[in-house]
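Put into structure tokens, the structure is as follows:
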């Protein structure tokens, strides 16, 4: 099968890594796989993709609204699809999803799949909501199947009448679960936390997330002083890269909390950083079902996070974590403080994390479910053609 994937950007983020893992698994299974990505990309990350996946950078494909670039993207994608004649075009994220599906339809690609990694019309202003909703409804007319990262995103799309129930599959964002189960902290953890050679481990909270506005590290940092007031020796460890990282470091200096905050950049061994933690954090405004939460839990660490659509599918409030309303950062600060000051709560949530069932997030399960969704879309098209 010839498969072309399209994603708006290619950096070290959840949707991006999910897409790359899918491409590699399909190529390893013998399929002819191409990955097209836009102007915003990490060349270091692109270089990690093996040679059996063909990669194409399309500089006209950009995240921000840009009519000229968007029309150019559609035209170039149509030309490529007509030349390559793929069996399946699989789009990811909202902009690539829109231009990619239109181009695939006009190029008469047999099967068009869209990956719903995030709901673009949630947690945005009214004008943006209606713009994204209309775009999704329009592109949805040209979509043979949707692959959702959670039941939550599936239900939201169905509630808004985007696609039918039989078009929507759920495929959890896979990773190597086994790497996280028995992971150990890095050998140099004291050095990373700037501690003395024989210092005991301090209370530690970890957040793994790209530094971008929707992840809201800046907003979280502003509540750190109130947590530190109650837990003076706490260490906040942030891992990730992105446009907000410089501002985050400046804010830490401005707030005078540098001794309690560490920035470790991008890590190829997230499992070891999670193993350093007593609790893991996420303060995102909008996501699909963030894979990092499953990584936290598979590392046997509870998670305190802001509410996202469908998160209850894996994170159970007061059982393996705490879920806080999206914009209540005071409550988020209180939850982190309570976790460290209440031994019974800490023990209960930690045990709940250890007992979490994450088997459907295993990488092999993701590949099987993805190919099953393709096959169902193809069968449905054959049936509709026959009728």
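Residue numbers (our numbering): 180 to 566. Backbone N, C-alpha and C fix where the C-beta goes; we use that ideal spot for every residue, glycine too.
Would DSSP call residue i helix, strand or coil?
i, result
"residue 534", "coil"
"residue 233", "strand"
"residue 180", "coil"
"residue 490", "helix"
"residue 390", "coil"
"residue 424", "helix"
"residue 442", "strand"
"residue 193", "helix"
"residue 468", "coil"
"residue 207", "helix"
"residue 406", "helix"
"residue 272", "coil"
"residue 356", "coil"
"residue 456", "coil"
"residue 431", "helix"
"residue 240", "coil"
"residue 348", "strand"
State the Cα-Cα distance for the pair residue i and residue j, rounded to the nearest angstrom.
i, j, result
"residue 480", "residue 302", "28 Å"
"residue 492", "residue 296", "15 Å"
"residue 374", "residue 307", "47 Å"
"residue 230", "residue 561", "33 Å"
"residue 415", "residue 318", "42 Å"
"residue 448", "residue 347", "33 Å"
"residue 433", "residue 425", "12 Å"
"residue 139", "residue 257", "Outside the modelled stretch of the chain, which goes from 180 to 566, sits residue 139, for which no answer is possible."
"residue 334", "residue 368", "42 Å"
"residue 342", "residue 311", "15 Å"
"residue 472", "residue 354", "12 Å"
"residue 443", "residue 417", "6 Å"
"residue 187", "residue 219", "8 Å"
"residue 470", "residue 461", "11 Å"
"residue 551", "residue 349", "11 Å"
Taking 7 Å as the limit between beta carbons, can you name the residues of its chain near residue i, skipping five residues before and five after?
i, result
"residue 486", "502, 503, 504, 505"
"residue 499", "476, 481, 528, 531, 532, 535"
"residue 419", "387, 388, 389, 390, 445"
Residues in its own chain within less than 8 Å of residue i by CB, not counting five upstream and five downstream?
i, result
"residue 468", "328, 329, 331, 332, 351, 352, 487, 489, 490, 492, 493"
Take residue i and list the residues in its own chain whose beta-carbon comes closer than 6 Å to its own, dropping the five residues that flank it on each side.
i, result
"residue 530", "none"
"residue 235", "215"
"residue 496", "502"
"residue 526", "none"
"residue 410", "382, 519"
"residue 421", "389, 390, 391"
I believe residue i touches residue j by the beta-carbon criterion, under 8 Å. Please report the beta-carbon distance rounded to the nearest angstrom.
i, j, result
"residue 508", "residue 413", "That pair is no contact at about 17 Å."
"residue 268", "residue 183", "5 Å"
"residue 121", "residue 364", "It is not possible to answer for residue 121, since the shown part of the chain is limited to 180 through 566."
"residue 194", "residue 271", "6 Å"
Using a Cβ-based criterion (distance less than 7 Å to any ligand heavy atom), does residue i qualify as near the ligand SAH?
i, result
"residue 240", "Among the components modelled here there is no ligand, and therefore nothing to report on the ligand SAH."
For chain B, is any of its Cβ atoms less than 8 Å away from the one on residue i?
i, result
"residue 420", "As a matter of chain content, chain B is missing from the structure shown, which is built from one protein chain."
* Entirely enclosed alpha helix (DSSP H) segments - the segment 290 to 338, minimum 4 residues -> 305 to 319, 330 to 338
* Whole beta strand (DSSP E) runs in the segment 358 to 386 with 3 or more residues, listed along the chain? -> As for any beta strand (DSSP E) of minimum length 3 sitting wholly inside the segment 358 to 386, there is none.
* Would you mind listing the beta strand (DSSP E) stretches within the segment 491 to 522 that are 3+ residues and don't spill past its ends, in chain order? => 500 to 503
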